[in-house]
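In what follows, a structure is listed as structure tokens, so that the remarks can point back to it.
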Amino acid sequence: MMILVLSSVIWLIAGIALGVYEFRDNDPNRGAVSSGTDKFGDQFSQTIYLDQGWSASDSLWFYNTTQGSNLLPYSFFLVLEQPDSSALFRNNENIDRYGYLPQRPTTSNPDGLPVGMVRDEYQGKAFMGFTCAACHTTQINYQGTGIRIDGGPANSDMEIFMIDLAEALHVTLEDSEKRNRFVANVLRQGQYKEKNEVVEDLKKYTQRIKTYTIINIPRDTKRPLTRYGYARLDAFGRIYNRVLEHIMSAQQLRELLADILTPEELVEVISNVESVLSSTNRDHIIERIQAYLTGKQIIRLRNKIYNPADAPVSYPFLWDIPQHDYVQWNGRVDNSGLGPMARNAGQMIGVFGTLDWQEGDGFTLSSVIGGQGFGSKHIDFRSSIDIRNLRRVEKHLRKLTSPQWPERVLPKIDKARMAKGAKLFFQYCASCHGHIDRIDPDRRVVAKMIAVSSIGTDSKMADNGIEYIGYSGILRNQYVGVSTGNLLLQREAPAVALLTSATRNVVTTPDPDKWFVRRWFERSLDIAYTFLDNEVQSSLKHGNYIPDTTDNPFASVLAYKARPLNGIWATAPYLHNGSVPTLYDLLLPKRRPDDPAEGEYRPDEFMVGSREFDPVKVGLKTTGYNGFLFRTHIWGNNNGGHEFASGRMPQPDGVFLPALTKEQRLDLVEYLKSL
């Protein structure tokens, strides 16, 4: 009898640990706001979902499952007002202005937060944070119908959202009437007991979010600034900067400040620096010392520590991601083994996971597993990042399939054109963009990598990935495994290697706010489950790219990935940097200085932000409204390259195919709708 009881307990614990859980939110409309007029006047009277393998419960779980993101106190976000009015910052009209998707209250989202914004908890405090859904759920509108697409690239502008959020907090702090209303409303939420506690946290988060925007804003250079606009984000640039902020050591900060301050100023500031870096929370270095620096000194320090986050790219679409061998636009991440866990942990670092990284004596099991060795000191990489739920999200995505063209809403596909387009696809596209069965549970996606020099598209994202470096700080003298061996992290190291080391240590560090035995048991099971359950194995990259060498261990990321195009119709704008608005435009050449003016070319400028769908060219509305003006002459926004259909680029076998006529382009677009 005792054995039976013990076995039952073990199986119960294992079941909980391995993700046997129940989700009870089954709202049939998935919380979607069913009608309205968006920021640019596009109207819809109903919102529908397509069959992508997910039930209503599956979608709502993806939207509302916490992952460890702690942007600001939850009660702050609920009651914060817009800078220039008493209207709530989170109201649907304002949220729509940033391109995020408003939601009605549901069981799992009782406060009706937008898609991908959730209540998260860490160490007894409630925060508003992000989930994957904020960047990977979209809606397109056509003749009064809104079509929600799970896993699609968001049409949001996070850059301006964060800038405006910082301004709303700042105005609330400075305006006594706003501040008094804010404090009273926060206290009513019950998470704070005293007025002074609210005001102190208001000061802290005002400074923190403002600092974040300063760190990541594109810098003044001889070239025009690369602003993001809608539907893009430099996620890697921002993740790199958060890592560089949190690994900074006291010694390296002293060295940097010595180049900025006079000896007398350094003495005044340095007495406060070491205590900051040795505290139990190493968080937000610049935020804590900027009270001692002038504005110019802060900018100089920023420029020394951080890299410009100035290579925005389109949000990748998520269907088939668990089946890929390599992920990210430049194929940076190996998707085998524990790769998905580390990748998702890195993303949570970027979207405001609390990073309580601190130095401790001796070594721990976590530090040894994380690669720190058996030294006299170790770094504890405790954080709010919920590895368990990130693993569950990855598994959840296995059921997600690409959306099919909905002929009940959009115009029916012309079957005659589609047949002609299929032949053109085989000639012009299939050598790079393979075909998969979108619902085959055993499907695999082998990425085709093409060197930047061959594909000719904008190189900024790839260049940044290989060129950015940073101070190794608390990671100094650790080793990071790369494709060609182990890389020693010296005083300065590639940012990509620093991120790899940080995420590896985060993954191997159990949750700090759980009982000791439970946290080790769960983390061990998560690692084992991720590794054993992942059927993607480590493999060589395919395609035409520069391989890694001991001299340049990251050379292979100077390439972009071609993937199967199922569901491509729902993922505008196109190319990795979103520089081409429609599929039809993608089949056109970029205009060169000696080209005749009367030809058809890719647009050099176009509006971004509307959700109104163009079913002929296949993309989103680009004229007739005051959105974000996308200028392709700016480095990072270039719309050249990938000109196979215009007769200007050879196929991988070196053969130039003739330029497509207008009718042929329309035929090929018709086929692409069917994928």
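Numbers in our numbering are just positions in the sequence shown, counted from 1, shifted up by 61. Ideal Cβ positions, reconstructed from N, Cα and C, are used throughout, including at glycine. Computed from a predicted model, the values in this text were never measured in an experiment.
| Item | Value |
| --- | --- |
| Collapsed DSSP secondary structure at S340 in the structure displayed | Unreliable placement is indicated for S340, whose pLDDT of 46 sits below 50; the coordinate value is still reported in the next sentence. In the structure shown, S340 sits in coil (DSSP, three-state: anything other than H, G, I, E or B). |
| For I516, the first and last residue of its enclosing beta strand (DSSP E) | It is not in any beta strand (DSSP E) - I516 instead sits in the alpha helix (DSSP H) that spans V513 to I516. |
| Counterpart residues of F689 in DSSP-defined beta bridges | V669 |
| Nearest candidate by alpha-carbon position, reference L226, set L139, I360, I308 and A491 | L139 |
| Which listed residue (D417, L471 and R552) has its alpha carbon closest to that of E731 | L471 |
| The region 188 to 200 contacting the region 226 to 242, beta-carbon criterion three pairs below 8 angstroms | no |
| For L133: DSSP bridge partner residues | M189 |
| With 16 other Cβ atoms within 10 Å as the buried cut-off, status of V403 | This sequence places Ala at residue 403; Val is not what is there. It counts as buried. |
| 4-residue-minimum alpha helix (DSSP H) runs that sit fully inside the region 480 to 547, ordered along the chain | 513 to 516 and 521 to 528 |
| Per-residue DSSP class, three states only, for Y82 | For Y82, the predicted model reports a pLDDT of 48, less than 50, meaning its position is unreliable; a value from the coordinates is still stated below. If DSSP states are grouped into helix, strand and coil, Y82 belongs with coil. |
| Beta-carbon contacts of T127 that lie in its chain and below 8 angstroms, excluding the five residues immediately before and after | V179, R180, D181, E182, G190, T192, D447 and N450 |
| Where the beta strand (DSSP E) containing Q200 begins and where it ends | T198 to Y203 |
| Simplified DSSP assignment, three categories, for K365 | helix |
| Buried or exposed (CB count within 10 angstroms, at least 16 for buried), G434 | exposed |
| Contact check, V507 vs D395, beta carbons under 8 angstroms | no |
| Helix, strand or coil at S217 [DSSP, three-state] | coil |
| Collapsed DSSP secondary structure at P555 in the structure displayed | strand |
| Length of the line joining the Cα atoms of S69 and R584 | Confidence at S69 is low in this model, with a pLDDT of 38, below 50, so the placement of that residue is unreliable and no value is reported for it. |
| Secondary structure of Y662, DSSP reduced to three states | coil |
| Contacting residues, own chain, Cβ-Cβ under 7 angstroms from V429 (five flanking each side not counted) | F435 |
| At least 3 beta-carbon pairs within less than 8 angstroms: the region 650 to 667 vs the region 700 to 716 | yes |
| Distance CB(P144)-CB(I156) smaller than 8 angstroms | no |
| Nearest candidate by alpha-carbon position, reference S96, set G213, Q200 and F105 | F105 |
| Buried or exposed by the 16-neighbour rule on C-beta atoms within 10 Å, applied to G423 | exposed |
| Residue from V641, Y489, V669 and R242 whose Cα sits closest to the Cα of P713 | Y489 |
| Distance CB(F674)-CB(I109) smaller than 8 angstroms | no |
| DSSP state of M309 mapped onto helix, strand, coil | coil |
| Proximity below 8 angstroms, CB of G531 to CB of L230 | no |
| Inter-stretch contact (C-beta, 8 angstroms, three-pair minimum) for the region 208 to 223 and the region 459 to 479 | yes |
| Secondary structure of Q164, DSSP reduced to three states | strand |
| Integer Cβ distance of A370 from G298, believed to fall under 8 angstroms | 3 angstroms |
| DSSP beta-bridge partners of S375 | R293 |
| Span separating the alpha-carbon of T199 from that of W380 | 13 angstroms |
| For L458, the three-state DSSP class (helix, strand or coil) | helix |
| I109 in three-state terms, based on DSSP | strand |
| Same chain, Cβ closer than 8 angstroms to T341, neighbours up to 5 away in sequence not counted | With a pLDDT of only 48 at T341, under 50, the local geometry of the prediction cannot be trusted, and the value read off the model is given with reservation. Answer for T341: D417 and Q419, listed in chain order. |
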